[in-house]
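Below is one structure, written out as structure tokens, with a few remarks after it.
In our numbering, the protein residues as written are 579 to 706.
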């Protein structure tokens with residue numbers, strides 16, 4: 579996500595996140611189930627309720643088309659944790675990722691800055 583909350587238009591900006599061991603490769607090791615873009619949300623809700631509490635469902639938003647997954651997950655308030663890679667650029671247009679997230683529901687759990695200016699922010703859902 580860019581500093582102003584958009585999915586980056588320039589595909590080159592996503593290369594490091596997709597390919598570096600500190601990017602998406604890091605999280606692929608931790609997921610128990612990967613959520614496909616066309617996976618029905620009702621089925622996911624039922625499946626989530628019947629699996630072990632230590633199961634990790636993962637949706638990696640690496641392409642513009644994948645932002646629809648985030649929107650659908652957010653509508654049903656399914657994410658418990660969100661990992662955002664903040665790119666050190668301003669876009670000003672495109673798909674605004676931050677619109678999909680309820681700002682009152684998240685606490686910053688941890689952050690890490692990398693030499694290329696990208697920051698990894700891990701947010702966890704606030705217990706209500």
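Glycine residues also receive a C-beta, built at the ideal position from the N, C-alpha and C atoms.
Predicted model only: the values in this text are computed from it and were never measured.
Local Cβ density within 10 Å of residue i, reported as buried at 16 or more and exposed below that
{"i": "residue 601", "result": "buried"}
{"i": "residue 645", "result": "buried"}
{"i": "residue 629", "result": "exposed"}
{"i": "residue 614", "result": "exposed"}
{"i": "residue 696", "result": "buried"}
{"i": "residue 586", "result": "buried"}
Cβ pair residue i, residue j closer than 7 Å
{"i": "residue 658", "j": "residue 626", "result": "no"}
{"i": "residue 662", "j": "residue 579", "result": "yes"}
{"i": "residue 701", "j": "residue 675", "result": "no"}
{"i": "residue 584", "j": "residue 672", "result": "yes"}
{"i": "residue 650", "j": "residue 619", "result": "yes"}
{"i": "residue 623", "j": "residue 637", "result": "no"}
Range covered by the beta strand (DSSP E) that runs through residue i
{"i": "residue 699", "result": "697 to 703"}
Limits of the alpha helix (DSSP H) - the one that residue i falls within
{"i": "residue 603", "result": "602 to 606"}
{"i": "residue 596", "result": "593 to 597"}
Distance between beta carbons of residue j and residue i, contact taken as under 8 Å
{"i": "residue 699", "j": "residue 689", "result": "5 Å"}
{"i": "residue 678", "j": "residue 652", "result": "5 Å"}
{"i": "residue 595", "j": "residue 667", "result": "Actually they are not in contact, since the Cβ atoms of residue 595 and residue 667 sit about 13 Å apart, beyond 8 Å."}
Uninterrupted alpha helix (DSSP H) stretches inside the region 609 to 695 (no shorter than 4 residues): 619 to 628 and 645 to 653
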